[in-house]
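In the numbering used here, the protein residues as written are 1169 to 1816.
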């Protein structure tokens, strides 16, 4: 009788929650829709589980897992309550010899017009007036997505005029009608969280921010890795964001340009508001010391991308009112000094220091200034002659001169520098200047992080022949996007820094090294639910550590290269923490060429899995002859252990 009462009570409560979800969907603000949806479906899931418990009591069973609603619910990470920003939690202070990390999100591409019923040939945009023409029809087949992914890895956005690229873009048009009517791909976990071929819906953006905030505030164990291992992330010093916060829109038609500008502005406003809700910056300037700042807020390091301009790749001085809009929008997270405003208004670049590690200087660069597309756009548009002349400037907006001055100042003061780029400088025509600068100050530059390519990448910035040497080599890192548009799984990364060996370091100085790259992902594709653990929807979780996954291969490379090994050991004595630098990047490139296993691992993590088949699926296939056995294995984490111990 008690079970029946429980069921009746729960279903009455569930009806009220369904009505609240319906009301949430009718809200005007997409973020309010997503947040209400997450909260309501979380409560509904708990209600269904309680009802299932009541049913199991009636049936005399111990467990009756709910499925219908939990399969589409967007429960927040660990089902924890959202942090109360009125009372900021105390964060562990960084000791002089302790490690720290920088969280990293890139290429969010928030689409506030996302509609799960819309066609992926139009990027899942909801119908608007006037209608937005798609940049090109999209074939949603896995084969095409994998081909598109490889092209994204090996060809830049700057080579759009290449005949092969043109043929690839034209090919899907033949299947446009079939794509328009195609159903959701069976491999998709939850289209409400995103689809390949489309940018991030508000629900995905919020889920990513909530997970990043939980890592930053140490509210969860820092990254549960697998069932058998864990990775403890050091305290988070800041959240790095390397651009492209607004969704992709076709701006080729003049009639749509004003509409696109308004939509991009709205996407930027909504994204920034959500970012500041999870990472409030009200403490800026109010605390008496860097330590107090670190206790109250997580520092934000914002870099603009090409999709964050008033039109794709349109540089700041061509639209000064847009630069003012961005400055006022991001002002809570920017340094308050006059120099920051001056450089930001001049070219959307600025410098700051880490609050918790003030000896680290961060240069937030605007590499959109150097892109081929920006040059073409300046030459094509009817702009004042002085603005069009920027397309042929040697140093647009004076950023290189400013960068050299900042690097020299950091060297004189004994500081180290983190470079943050909107996209990889290897794609820009100004590469010789950038390469020369970084090589000249390789003793100062501690890390280089870039976005834009949507996939993880390790690049070696090899200096000019006259300055070539192991010390002048530097590494550049790219991370997978939050947006799943290219068939990747949404990802969040972290850069881990540790103290360098004391040998060769001046007394009283602390030198830091980039020790590890860590990646978290949400299995939008390849998700394997664990009904026995109550996990029915994909959640962000630990994916891999570059040190744990790739350094065993590097040991083999050291054996194959005794000369390099000798130079490395002279700098990194036994017992020293691993280091991600130019020498490591070069050897990763060698390993990719010589080892199919290394290439497969590198390629998998570049897209955070994406449309690839989960390793757990392959593992269960070994033990399963029929569908029922496969489903049982996928749902039971102990299935493999039990099956591997046959009775004698």
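Where is the CB? At the ideal position from N, CA and C, for every residue including glycine.
When secondary structure is reduced to three states using DSSP, residue 1561 falls in the coil class, being assigned neither helix nor strand. Looking only at 1361, 1645 and 1278, the smallest Cα-Cα distance to residue 1414 is reached by 1278. Residue 1495 sits close to residue 1513, with the two beta carbons spaced by under 8 angstroms. According to the DSSP assignment, residue 1498 belongs to the alpha helix (DSSP H) that extends over 1488-1498. By DSSP's assignment, residue 1660 forms a beta bridge with 1688. For residue 1577, the enclosing alpha helix (DSSP H) covers residues 1567-1580. Contact annotation: residue 1502 and residue 1406 have beta-carbon atoms that are not nearer than 8 angstroms.
Where residue 1643 is concerned, there is no enclosing alpha helix (DSSP H), although the beta strand (DSSP E) around it starts and stops at 1642-1646. Between residue 1746 and residue 1266, the alpha-carbon positions lie close to 15 angstroms from each other. Proximity to residue 1286 across 1363, 1451 and 1717 peaks at 1363, based on C-alpha coordinates. Taking 8 angstroms as the cut-off, the beta carbon of residue 1617 is found no closer than this to the beta carbon of residue 1750.
In the DSSP assignment, residue 1709 falls within the beta strand (DSSP E) that extends over 1709-1713.
Here residue 1612 is near residue 1578, since their CB atoms are less than 8 angstroms apart. Look at residue 1525 here: in three-state DSSP terms it is coil, with no helix or strand label. With respect to the C-alpha of residue 1436, the residue from 1449, 1450, 1451 and 1411 having the closest C-alpha is 1411.
For a cut-off of 8 angstroms, the C-beta gap from residue 1477 to residue 1404 is around 29 angstroms, too long to register as a contact. In the three-state reduction of the DSSP assignment, residue 1432 falls in the helix class, which pools H, G and I. The criterion of a C-beta distance shorter than 8 angstroms is not satisfied by residue 1590 and residue 1656. Look at residue 1293 here: in three-state DSSP terms it is strand. As DSSP reads the structure, residue 1681 sits in a beta bridge with 1666. Counting C-beta atoms within 10 angstroms of its own C-beta, residue 1767 has fewer than 16 neighbours from the protein chains shown and is therefore classed as exposed. Burial of residue 1754 is indicated by the presence of at least 16 other C-beta atoms within 10 angstroms of its C-beta. The residues 1626, in chain order, have a CB closer than 6 angstroms to that of residue 1756 in the same chain once the five nearest residues on each side in sequence are set aside. Just so you know, the alpha carbons of residue 1474 and residue 1760 end up roughly 30 angstroms apart. Counted as a single uninterrupted DSSP element, the stretch harbouring residue 1589 is not any alpha helix (DSSP H) but the beta strand (DSSP E) occupying residues 1584-1589. By the CB criterion at 8 angstroms, residue 1283 and residue 1651 fall outside the cutoff. The C-beta separation of residue 1677 from residue 1582 comes to about 6 angstroms, placing the pair in contact by the 8 angstroms criterion. With contacts defined by Cβ atoms closer than 8 angstroms, residue 1660 and residue 1688 form a contacting pair.
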